[in-house]
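Structure record follows, encoded as structure tokens.
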Amino acid sequence: MNIYGDCSFCGGEVEEKSIEYDYRRQSHLLIVSNVPAGVCRQCGEKYFKPGILKKMDQVYHDIFDRHQIPERVVEIPAVSFQA
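Just so you know, the working numbering puts 2 at position 2 of the sequence shown, and the rest follows in order with no gaps.
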């Protein structure tokens, strides 16, 4: 039984995987590893159980509001798109 159901975008099969997720909020980016998620095998859309989203939100606030030290810090290049 698929606990996530079929993909709401393409109808593909959704399977549970452990993924790396880019959690973006306000002007911050937090990379969260080993996140359990449902991932569509056809289009790649991701689905999260409510408790997982709550935990990622808690970790975000711990780091950006409560100033806890993350496991690691990475440097990410950034550019502005110009046509």
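Quick reminder that beta carbons are idealized off the backbone N, C-alpha and C, glycines included.
Bear in mind that the values here come from a model prediction, so they are computed numbers and not experimental data.
From residue i to residue j, what does the alpha carbon distance come to, in whole angstroms?
i, j, result
"residue 58", "residue 64", "10 Å"
"residue 11", "residue 48", "17 Å"
"residue 20", "residue 81", "25 Å"
"residue 33", "residue 60", "13 Å"
Check residue i in the structure and name its three-state DSSP category.
i, result
"residue 70", "coil"
"residue 1", "Bear in mind that the predicted position of residue 1 carries a pLDDT of just 49, short of 50, making it unreliable; the figure below should be weighed with that in mind. Three-state DSSP puts residue 1 in coil, outside helix and strand."
Going by other Cβ atoms of all chains shown within 10 Å of its Cβ, with 16 needed for buried, is residue i buried or exposed?
i, result
"residue 37", "buried"
"residue 73", "exposed"
"residue 40", "buried"
"residue 43", "exposed"
"residue 14", "buried"
Which stretch, first to last residue, makes up the beta strand (DSSP E) that contains residue i?
i, result
"residue 17", "14-25"
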